[in-house]
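Okay, so here's the structure we're looking at.
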Amino acid sequence: MIIAANLKTNLTRSATCKYIKELQICVQNSTQNVIVFPATSSLDSYESNVTIGAQNAYPVENGAFTGEIGLEHLKEFEIKTILIGHSERRHILGESQEFIAKKFHYFKEQGFQIIFCVGEPLEIREGSKEEMLTYIHKQFEGIDTTYENLIIAYEPVWAIGTGKVPTLEDIKEIHKELKKKSSAPLLYGGSVKVNNVKDILSVENVDGVLVGSAALYAEHFCTMIEYADELQQSRH
Ligand code: PGA
């Protein structure tokens, strides 16, 4: 399974270094595919079995894009994984679908592993199921859903950082729909915690989780990785 931590605008470089070291201990005995997205200023070549990914980068090698980093800054640390389409970039930073698709295309051409996020805001969730699916399908406009290095993350906006999670039945239903769209591994994200991760990972068509706030403590994130291992062992 894919167990990913989005550290967002948290943990300094030294705190991230300590965090990755702590993770390394639990990851050594795990069969999970663990990915960590540190803050941009904490990107580095960490000696670890954990895959390090970028939360964001501008679709360019380098150039005049104040405040952004480009491909060469990722290459410096051999980073080949990137998060694209996260709801905070869509809704807080105002990234358009067109720009998201441009970014996707650029990093696809570079062979990056792309974790592509989709998910509906509350007002859409409160409408009909058809409206919700139409909304989510629009978030795939311009995106190559057959890309072999693609991972999709379904993250309902209203569940991110709120402690609210859809029912397991709802997750099952939407993941079933999203699997019709792409055969890429499909993660669930949005208020995943130590106490719900096992149930969520047990849902059909959930191939992993993308965790924000609950992953900020290495100990908690390690527990989630252990739970994923336990679950996988119990299936064999
Ligand atoms: P959360 O964030 O776990 O804090 O809800 C998830 C995410 O934004 O990826």
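Its first residue numbered 21, the sequence shown is counted upward by one per residue in the numbering used here. Note that beta-carbon positions come from the ideal geometry of N, C-alpha and C, so glycine has one too.
Could you tell me which residues DSSP puts in a beta bridge with Val54? Ile23, per the DSSP bridge assignment.
Based on the DSSP secondary-structure assignment, which residues constitute the bridge partners of Cys137? DSSP lists Ala173 as the beta-bridge partner residues of Cys137.
Mapping the DSSP letters down to three states, classify Leu230 as helix, strand or coil. Note: Leu230 maps to strand in three-state DSSP.
Going by DSSP, what residue range makes up the beta strand (DSSP E) through Thr101? Looking at the DSSP string, the run of the beta strand (DSSP E) that includes Thr101 is 101 to 104.
Can you tell me whether Tyr66 is helix, strand or coil according to DSSP? Three-state result, Tyr66: coil.
Any chain D beta carbon closer than 8 angstroms to Asn82: Of the protein chains in the structure, only one exists, and it is not chain D.
Please classify Glu140: is it buried, with 16 or more other beta-carbons within 10 angstroms of its beta-carbon, or exposed? Buried is the call here.
With DSSP as the reference, please indicate the residues paired to Gly209 in a beta bridge. According to DSSP, which records beta bridges pairwise, Gly209 is partnered with Leu230.
Flag this pair as touching only if the stretch 77 to 86 and the stretch 31 to 49 have three or more C-beta atom pairs under 8 angstroms; answer yes or no. Output reads no: the stretch 31 to 49 does not touch the stretch 77 to 86.
Can you determine whether any heavy atom of the ligand PGA sits closer than 7 angstroms to the C-beta of Gly181, and answer yes or no? True, at least one ligand heavy atom lies under 7 angstroms from that Cβ.
Please state whether the Cβ-Cβ distance between Asn26 and Gly228 is less than 8 angstroms. The criterion of a C-beta distance shorter than 8 angstroms is not satisfied by Asn26 and Gly228.
With three or more beta-carbon pairs closer than 8 angstroms as the criterion, would you say the stretch 165 to 181 touches the stretch 201 to 210? Yes, the stretch 165 to 181 touches the stretch 201 to 210.
Closer than 6 angstroms by C-beta to Leu142: which residues in its own chain qualify, once you throw out the five before and the five after it? Chain order, please. Apart from sequence neighbours up to five positions away, the residues of its chain that approach Leu142 with a beta-carbon distance below 6 angstroms are Trp178, ordered along the chain.
Can you check whether the CB of Leu236 is closer than 8 angstroms to the CB of Asn30? It is a contact, given that the beta carbons lie within the stated cut-off.
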